[in-house]
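> A single structure is presented below for examination.
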Ligand SMILES: Cc1cc2nc3c(=O)[nH]c(=O)nc-3n(C[C@H](O)[C@H](O)[C@H](O)COP(=O)(O)OP(=O)(O)OC[C@H]3O[C@@H](n4cnc5c(N)ncnc54)[C@H](O)[C@@H]3O)c2cc1C
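Residue numbers (my numbering): 34 to 447.
Written out as structure tokens, the structure reads:
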């Protein structure tokens, strides 16, 4: 077993961290206090530097203008980028576009790739993914109300979606809609590419979350489709394959998120340690001399290192054996890393006292924004059920008793 990171990759990771510290950290103070739209020009300038250094779209193959990294390698880059809430955006591997690029690459026709994937890959447009509905449980994605009915050469969509991340300003949405309500549950829905300027496509509002409605990429929208007509060629993949494609998007997508969360942990941990080392509770009496904070530091370090290995192993399993072989590992990663992140952020805030609550550090942004990690891409409880049912099956539990196989595939954001 070789844990070494190859030299060239180590150099890239160090340079990426240097770029983030120099160009991206200074932009963070505007998060939440100024509209995202106002930050776009400054972020564009950093994007140009990222392109010129050859780091653009690290998750994409070279044929699409990306770095052509394996999932494991991208995980390492994602860890660095996750140190800043803006890291993935400036490298064009941000949710939900990264997942949509993956879908278009894997399932799109040549015409769809040219029209939607390549502009996304170049960073010229943004997109969103609309699956969750206000009136149905997102944790059961085979049960939804939005319909897409065939009418001649078109599909006509009617329904409501919400928490479509980054829908504000997106050029198109990939929408999950029921195309055959009589089919067996996993074959009922399809994915459709719906341009945002289609008649009948309405962005109702940006949903206020933790006190902020946000805007642009940094927002989550409620959408309404009212007689929204798209041509048949906008069907992505096969009719009825919506659920399967969304699941295919999920495996690597969860690794992307989880390595980003490790980056969040690293940043919060560094702030925790800096504070413990420098904040004096009395003259010459640093806070770090207290056993309580020493325990936070040791426990956090152990939890982050263990979580990181769990994610990298899951990424390696997907690279080597495919996403199906990693299903349980992905579920473990999803709930475990989200929980570690929440605890590390919380400890760092506690160590900062009132400063931790203020917006003078990035910690309060992490605290507000990353709470959602335990909900999107499948709530903790669904992933724990997936893991526990598989384990119980090995001990002879019946499908009925343990509910084995009954859990719907959890839901996606990336
Ligand atoms: C910040 C953020 C961004 C998002 N971005 C997107 C996006 O871009 N596109 C999109 O389509 N959706 C997005 N979502 C929606 C997300 O995928 C859903 O919130 C998620 O799937 C859960 O669905 P729900 O909110 O309807 O909760 P529900 O399904 O109603 O579940 C509520 C709670 O019930 C419990 N629960 C559910 N199922 C089980 C179970 N089987 N066993 C035990 N307990 C259970 C859990 O505690 C869960 O939190 C986003 C959500 C957030 C918070």
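Beta carbons are placed, not taken as given, at the ideal position from N, Cα and C, and that holds for glycine. The structure presented is a predicted model; accordingly, all values stated were derived computationally and were not measured.
With a Cβ-Cβ cutoff of 8 Å, do residue 81 and residue 131 count as a contact?
No. Outside cutoff.
> Whole angstroms is fine: what's the gap from residue 56's alpha carbon to residue 214's?
Computed Cα separation, rounded: 50 Å.
> Taking 7 Å as the cut-off, is the beta-carbon of residue 502 closer than that to any non-hydrogen atom of ligand 1?
As displayed, the chain neither begins before 34 nor continues past 447, which places residue 502 out of reach and without an answer.
> With residue 188 as the anchor, note down where its beta strand (DSSP E) starts and where it stops.
Here the beta strand (DSSP E) through residue 188 covers 187-198.
> Where does residue 93 sit, in a helix, a strand or coil, going by DSSP?
Looking at residue 93 - three-state DSSP - the assignment turns out to be coil, as it is neither helix nor strand.
> For residue 278, which of helix, strand or coil comes out of DSSP?
In the structure shown, residue 278 sits in a helix (DSSP, three-state: H, G or I).
> In chain order, what residues of the same chain have a beta carbon less than 7 Å from the beta carbon of residue 64, not counting five sequence neighbours either side?
Same-chain partners within the cutoff: 118 and 398.
> Nearest to residue 200 by CA position, among 168, 128, 265 and 140, is which residue?
Here the closest residue by C-alpha is 128.
> Would residue 360 be called buried (16 or more neighbouring beta carbons within 10 Å of its own) or exposed?
That one is buried.
> Going by DSSP, what residue range makes up the beta strand (DSSP E) through residue 252?
Per DSSP, residue 252 belongs to the beta strand (DSSP E) from 251-264.
> Which word fits residue 134, buried or exposed, when buried means at least 16 other C-beta atoms lie within 10 angstroms of its C-beta?
Buried, since its Cβ has 16 or more Cβ neighbours within 10 Å.
> Output needed for residue 434: all residues of its chain with C-beta closer than 7 Å, excluding positions within five of it in sequence on either side, in chain order.
Any reading at residue 434 needs caution, since the residue's pLDDT is 48, under 50, leaving its predicted position unreliable; the model's value is listed next. Cβ neighbours of residue 434 beyond the five flanking positions: none.
> Would you report the Cα separation of residue 364 and residue 336, rounded to the nearest angstrom?
So the alpha carbons of these two residues sit roughly 17 Å apart.
> Is any heavy atom in ligand 1 found nearer than 7 Å to the beta carbon of residue 135?
Not so, every heavy atom of ligand 1 lies at least 7 Å from the Cβ.
> Drop a sphere of 10 angstroms on the beta-carbon of residue 354, count the other beta-carbons inside from all chains shown, and report buried for 16 or more, exposed for fewer.
Exposed is the call here.
> Measuring alpha carbon to alpha carbon, tell me which of 371, 203, 175 and 234 ends up nearest residue 212.
The option with the nearest alpha carbon to residue 212 is 175.
> Using CA atoms only, rank isn't needed, just tell me which of 62, 423, 58 and 66 is closest to residue 79.
Checking every option, the nearest Cα to that of residue 79 belongs to 58.
> How far does the beta strand (DSSP E) with residue 209 in it extend, from its first residue to its last?
Counting along the chain, the beta strand (DSSP E) containing residue 209 begins and ends at 205-211.
> Examine ligand 1 and report whether any of its heavy atoms sits within less than 7 Å of the Cβ of residue 164.
At least one heavy atom of ligand 1 is nearer than 7 Å to the Cβ of residue 164, so yes.
> Could you tell me the alpha carbon to alpha carbon distance between residue 437 and residue 106, rounded to whole angstroms?
Low local confidence applies: a pLDDT of 39 at residue 437 is under 50, so the model's placement there is unreliable, with the coordinate-based value given in what follows. Approximately 33 Å, taken between the alpha carbons.
> Can you give me the C-alpha to C-alpha distance between residue 166 and residue 297, rounded to a whole angstrom?
One C-alpha to the other measures close to 29 Å.
> Specify the secondary structure class of residue 226 as computed by DSSP and reduced to three states.
Reduced to three states, the DSSP call for residue 226 is strand.
> Just the C-alpha distance for residue 39 and residue 203, rounded to the nearest angstrom, thanks.
Rounded to the nearest angstrom, the two C-alpha atoms are 37 Å apart.
> Look at the alpha carbon of residue 84 and the alpha carbon of residue 41, and state the distance between them as a whole number of angstroms.
The straight-line gap from Cα to Cα measures roughly 18 Å.
> Quick one: Cα of residue 442 to Cα of residue 395, how far?
Below a pLDDT of 50, predicted positions are generally treated as unreliable, and residue 442, at 49, falls in that range; no measurement from the model is reported.
> Would you kindly check if the distance between the Cβ of residue 251 and the Cβ of residue 69 is under 8 Å?
Cβ atoms of residue 69 and residue 251: closer than 8 Å.
> Using the beta-carbon count (16 or more within 10 Å), is residue 412 buried or exposed?
So residue 412 ends up on the buried side.
> Evaluate residue 409 with the Cβ neighbour count: other Cβ atoms within 10 Å of its Cβ, from every protein chain shown; 16 or more gives buried, anything less gives exposed.
Buried, since its Cβ has 16 or more Cβ neighbours within 10 Å.
> If you run the structure through DSSP and keep just helix, strand and coil, what is residue 442?
Any answer about residue 442 is weak, because its pLDDT of 49 lies below 50 and its placement is not dependable; what the coordinates show is given next. Coil.
> Contact defined as beta carbons within less than 8 Å: I believe residue 143 pairs with residue 50. What is the distance between those atoms, to the nearest angstrom?
That belief does not hold up - the Cβ atoms of residue 143 and residue 50 are roughly 38 Å apart, past 8 Å.
> Any heavy atom of ligand 1 closer than 7 Å to the beta-carbon of residue 286?
Incorrect: residue 286 has no Cβ contact closer than 7 Å to ligand 1.
> Can you give the beta carbon distance from residue 223 to residue 181, rounded, assuming they're within the 8 Å contact cut?
Right, the Cβ-Cβ distance comes to about 6 Å (below 8 Å), so this counts as a contact.
> So is residue 260 buried or exposed if we call it buried at 16+ other beta carbons inside 10 Å?
So residue 260 ends up on the exposed side.
> Are there 16 or more other CB atoms within 10 angstroms of the CB of residue 243, so buried, or fewer, so exposed?
Exposed, because fewer than 16 other Cβ atoms sit within 10 Å of the Cβ of residue 243.
> So is residue 237 buried or exposed if we call it buried at 16+ other beta carbons inside 10 Å?
Label assigned to residue 237: exposed.
> Do residue 197 and ligand 1 come close, with the Cβ less than 7 Å from some heavy atom?
The answer is yes for residue 197.
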